[in-house]
Amino acid sequence: MASNYSNFLYNDYEKLLEKFEKQEKLLKETNNLIKTLNDTIENLNETNQKLQKLIEEKDMEILRLKSKNNRDSSNSNKPSGTNGYKKVIINRREKSGKPKGAQINHTPHSLKNKLNQFIDSGDILEEIIEINKNDNNKIKDT
473 MASNYSNFLY
483 NDYEKLLEKF
493 EKQEKLLKET
503 NNLIKTLNDT
513 IENLNETNQK
523 LQKLIEEKDM
533 EILRLKSKNN
543 RDSSNSNKPS
553 GTNGYKKVII
563 NRREKSGKPK
573 GAQINHTPHS
583 LKNKLNQFID
593 SGDILEEIIE
603 INKNDNNKIK
613 DT
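In structure tokens form, the structure reads like this:
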């Protein structure tokens, strides 16, 4: 009976030893996995820091461009003509429906008519000077 007991203990010892070896192997695999994951985390943290710096640079550039875009003559030394916006003049006149140009039964007004009226009034002396008259322009008025 003692031999069965010692065999039983020895078998239990071998089973425990196999379990220990399996646990040791599993521990090594887990440690390798942890090292791999830690390396991945470090790489991701480095990438994250680079991206954060890039985002900060982009934000600064956006702010610089916005401040440059918001400048006009009121907050910089630019002339007011370069503001880019002008007052819009709205035409509030209603259309009459009449045709463009001279109207029917309307006496024409021109400089020639006014000049003739002024000469006919007798307020000035009239003197006609003919300069460079030739066959081509002899018919034209002075």
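Residue numbers (the numbering used here): 473 to 614.
We put the CB at the ideal spot given by N, CA and C, even for glycine.
Computed from a prediction, not measured in an experiment: that's the story for all the values here.
C-alpha of L488 to C-alpha of S478: approximately 15 Å in a straight line. Here the alpha carbons of L583 and N577 stand approximately 19 Å from one another. Here S475 carries a helix assignment [DSSP, helix/strand/coil]. Of S548, D544 and N476, the smallest CA-CA separation from K558 is found for D544. DSSP places N585 inside the alpha helix (DSSP H), whose first and last residues are L583 to D592.
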